Structure formats: C-alpha cells, structure tokens
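Trainee: Numbering (the working numbering), first residue to last: 31 to 391.
For glycine and all other residues, C-beta sits at the position ideal for the given N, C-alpha and C.
Just so we're clear, the structure is a prediction, and the values are computed from it rather than from any experiment.
Here it is: the structure, laid out below.
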Ligand SMILES: *Cc1c(COP(=O)(O)O)cnc(C)c1O
C-alpha cells in the first residue's frame with residue numbers, strides 16, 4: 031500500500047501519518063469488536079464516549095493543558111472561529127487588538143470589525159508579509175478585550191518565534207498550521223484555536239482551548255451552537271460533534287506520542303525544515319520568500335526569478351511524485367507544506383529533486 035503513495039506537500043487538508051490511515055482502515059467496518067464503524071456510532075454510546083474522552087485527555091496531556099482551560103471540538107473549521115471569537119469575547123470592552131501578519135489574520139480582523147472596535151496592533155503588509163513584527167512594534171490598546179494573532183502564516187510561510195507579551199489582556203491565537211509541532215505554555219493563552227486539517231485530523235472541525243474565565247460573555251445574538259458557554263456546558267456535544275474527525279485526532283495523538291510528543295516533534299520538524307532551507311540557501315536558482323528570522327518550519331515558501339520556471343518546476347515535481355507544491359494563488363511561486371506527518375524522507379527527496387532541477391535548468 032505504502033509504495034503507491036506520493037509525497038503530498040498540500041497546505042491543507044494535508045498528509046496524515048500512514049500508520050494512522052492504516053489503523054483507521056483496519057478498524058473501518060468493525061471498530062474493536064463493536065460490530066460497527068466509528069462513523070455509525072451514536073455519539074452518546076459508551077464505545078464512542080470512550081474514544082471522545084481518551085482523545086480529550088491525550089490532547090490535555092500532550093499539550094500540558096492546565097485545569098483552568100477547557101478543550102472544545104467545534105464544527106466549521108478555523109474560519110468559524112474568526113466570528114466565534116469576537117462574538118464571545120469582545121463584549122467586555124467592545125475593543126480588541128489584531129496583529130495582521132498574513133491572509134488568515136487579515137480575514138479574522140475583518141470579520142471581527144463587525145462586532146466591535148478593532149485596532150490593528152501591527153502589520154507586515156508593508157513588505158508583503160515576509161516578516162514578523164517585533165514585540166516593541168506591537169501597539170497595545172489599554173482595555174482591549176483580547177489580542178489576536180496567528181502563530182504561523184500558512185500562505186506566506188512565516189512563523190512567530192515568540193509569544194507576544196500583552197499584559198493582562200487575554201491572548202488569542204490561531205494555531206491552525208503549527209499546533210502540536212512544539213511544546214507551548216498554554217497558560218499564557220486565553221484562547222487557542224486550530225482548524226484540524228493541518229496537524230491534527232481530516233478537515234471540517236476546529237479544536238478550541240479556552241480559559242474558563244473567558245466563557246459566558248457572549249453577545250446576546252450569538253447562535254447557540256457558537257456560544258462557548260453552551261459548548262463548555264455540553265462538553266462539545268450540544269449537537270452531534272464531528273465524531274469521526276475526533277476519532278482520527280485520537281489516532282494522530284497516539285502516533286504523536288510515539289514520536290516523543292511535542293518535544294520529539296519539535297526536533298523532527300526543525301531538522302526537516304533545515305533540510306529545505308539549507309537547500310534554498312545553497313541554491314543560485316531558488317529564493318526563499320520569508321525573511322530568515324521569520325521562516326516557518328511548517329510552510330516553506332520559495333520561487334525562482336522567473337514565473338515560467340516556477341511553473342516548469344511544479345509540473346516536473348508533480349510528475350516525479352511531489353504533489354501540491356504550487357504556491358497559494360495570492361503569492362505565486364512554490365510552497366512545500368511539511369507538517370508533522372510529512373516524513374523526513376519526503377523532505378530529503380524534495381531537496382534532492384530541487385538540486386537536480388537546478389543542474390538541468
Ligand atoms: C487553514 C487555515 C485557516 C482556515 O481553516 P478552515 O478550517 O478552512 O476554516 C485559518 N487559519 C490558518 C492559520 C490556517 O492555516
């Protein structure tokens with residue numbers, strides 16, 4: 031089975047660990063003697079609740095989530111959080127700060143404007159989002175209800191190398207594309223959210239980790255299913271949760287344990303990223319898009335000096351079994367997304383392919 035698989039550099043939905051897919055396949059029609067697929071189970075049944083609880087407690091253990099915080103599984107992906115965050119959190123003072131360092135943080139900021147007074151704390155838009163502003167450049171609004179940023183800019187290939195210091199203001203972070211790639215101190219955050227299709231599971235849901243103190247201040251018109259309070263009170267089961275996605279996340283977390291958890295993953299992902307960035311730095315043809323000190327370990331963006339050569343590279347790479355290397359349409363060039371589940375061999379093979387391409391062109 032494995033030798034039919036290509037190296038998939040998709041930005042999302044993205045590669046999942048092969049062993050996880052194989053286990054899911056083996057359990058597909060009869061989950062551990064239940065006589066049913068996980069897809070077919072009642073979300074209130076004991077067999078499913080065991081999966082749910084174990085996934086939640088594994089995530090809590092792996093991310094060292096303190097008891098002050100609750101884990102939610104929400105529908106609608108990260109994008110729904112662009113609305114859910116302000117609907118639930120901005121009410122206290124009506125004001126919030128947004129760091130704009132890429133496409134998704136800009137979308138989040140624009141959505142939040144519907145609900146209150148939004149201050150753009152910083153933006154890297156002056157240099158096409160190729161860098162991350164420094165702590166000293168953040169403009170903080172006194173009395174803001176929260177500060178929102180996106181820790182990894184999936185499209186531009188930049189990553190925050192520090193957690194912003196924002197005093198007493200709750201820190202809200204979109205971690206969709208680098209969650210579980212390294213240890214983080216969850217206690218610093220009021221709310222973390224992540225669409226699951228990058229480092230966690232198949233698409234269609236988000237994980238939200240919320241400080242319980244922030245729950246219960248939602249706008250009166252908040253749809254019931256978008257109220258963090260309703261979600262916390264119902265343990266993410268106010269309605270039918272994304273059951274199968276949560277099961278898949280559970281399998282991915284077991285796989286992550288076998289890699290040494292987030293500590294192990296941090297070493298592996300840093301080594302993988304280094305292979306590609308070294309290849310870029312040695313090359314006279316390929317140019318890295320992000321400034322060196324802001325380079326993402328998850329999404330490596332690069333190009334040549336010539337758009338036609340970019341197209342040729344993507345075409346030949348696809349033929350050679352390296353899929354989804356075309357950059358996002360708003361930036362062009364190439365992007366190799368090397369999330370947790372991308373094997374090191376895939377990254378090594380791509381670096382080798384790049385060297386050969388350069389020699390032949
Ligand atoms: C992919 C992504 C999103 C959008 O996720 P959806 O699940 O499609 O809503 C938002 N933010 C970041 C950082 C992402 O990488």
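Compare the C-alpha of residue 116 against each of 143, 94, 226 and name the closest.
Mentor: Residue mapping note: residue 116 aligns to position 86 of the chain shown, counting from 1. Closest by alpha carbon: 143.
Trainee: To the nearest angstrom, report how far apart residue 321 and residue 170 are at their CA atoms.
Mentor: Taking the first residue of the chain shown as 1, we reach residue 321 at position 291. Taking the first residue of the chain shown as 1, we reach residue 170 at position 140. Roughly 25 Å separates the two Cα atoms.
Trainee: Cα separation between residue 32 and residue 51?
Mentor: The residue given as residue 32 occupies position 2 in the chain shown. The residue given as residue 51 occupies position 21 in the chain shown. Any answer about residue 32 is weak, because its pLDDT of 48 lies below 50 and its placement is not dependable; what the coordinates show is given next. For residue 32 and residue 51, the distance between alpha carbons rounds to 11 Å.
Trainee: Out of 128, 245, 229, which has the shortest C-alpha to C-alpha gap to residue 211?
Mentor: Numbered from its first residue, the chain shown carries residue 211 at position 181. Residue 211 has its Cα closest to that of 229, out of 128, 245, 229.
Trainee: Can you tell me whether residue 224 is helix, strand or coil according to DSSP?
Mentor: Mapped onto the chain shown, residue 224 falls at position 194. Correct three-state label for residue 224: strand.
Trainee: Can you tell me whether residue 134 sits near ligand 1, meaning its C-beta is under 7 Å from at least one heavy atom of the ligand?
Mentor: The residue you call residue 134 lines up with position 104 of the chain shown. Yes.
Trainee: Considering only residues of the region 195-277, which uninterrupted alpha helix (DSSP H) runs meet the minimum length of 4 residues and lie entirely inside it, listed in chain order?
Mentor: List check, alpha helix (DSSP H) in window: 258-263.
Trainee: List the endpoints of the continuous beta strand (DSSP E) containing residue 364.
Mentor: The count along the chain shown starts at 1 and reaches residue 364 at position 334. 364-367 is the span of the beta strand (DSSP E), which, as asked, contains residue 364.
Trainee: Whether or not the region 251-262 and the region 57-65 are in contact is what I'm after, with contact meaning three or more pairs of Cβ atoms, one per stretch, closer than 8 Å; do they touch?
Mentor: Short answer: they don't touch.
Trainee: Do you know whose CA, among 184, 366, 277, 151, lies nearest residue 348's CA?
Mentor: Translated into positions along the chain shown, residue 348 becomes position 318. Taking only the C-alpha atoms, the option nearest residue 348 is 366.
Trainee: Given 7 Å as the limit, tell me if residue 203 has its C-beta closer than that to any heavy atom belonging to ligand 1.
Mentor: Position 173 of the chain shown, counting from 1, holds the residue named residue 203. No, the beta carbon of residue 203 sits no closer than 7 Å to any heavy atom of ligand 1.
Trainee: What are the boundary residues of the alpha helix (DSSP H) that includes residue 381?
Mentor: Translated into the one-based positions of the chain shown, residue 381 becomes position 351. Here the alpha helix (DSSP H) through residue 381 covers 374-390.
Trainee: Could you tell me the distance, in whole angstroms, from the CA atom of residue 189 to the CA atom of residue 154?
Mentor: Along the chain shown, read from residue 1 onward, the residue named residue 189 stands at position 159. Along the chain shown, read from residue 1 onward, the residue named residue 154 stands at position 124. Near 12 Å, if we compare the C-alpha coordinates of residue 154 and residue 189.
Trainee: Could you tell me whether the Cβ atoms of residue 328 and residue 208 are closer together than 8 Å?
Mentor: To locate residue 328, count along the chain shown from 1; it is residue 298. To locate residue 208, count along the chain shown from 1; it is residue 178. Going by C-beta atoms, residue 328 is nearer than 8 Å to residue 208.
Trainee: Using 8 Å as the cut-off, can you tell me whether the region 128-143 makes contact with the region 261-280, which would need three or more C-beta pairs spanning the two stretches below that distance?
Mentor: At 8 Å Cβ cutoff, the stretches do not touch.
Trainee: Count the C-beta pairs between the region 100-113 and the region 221-235 that are closer than 8 Å, then say yes if the count reaches three, no if not.
Mentor: Yes: at least three Cβ pairs fall under 8 Å.
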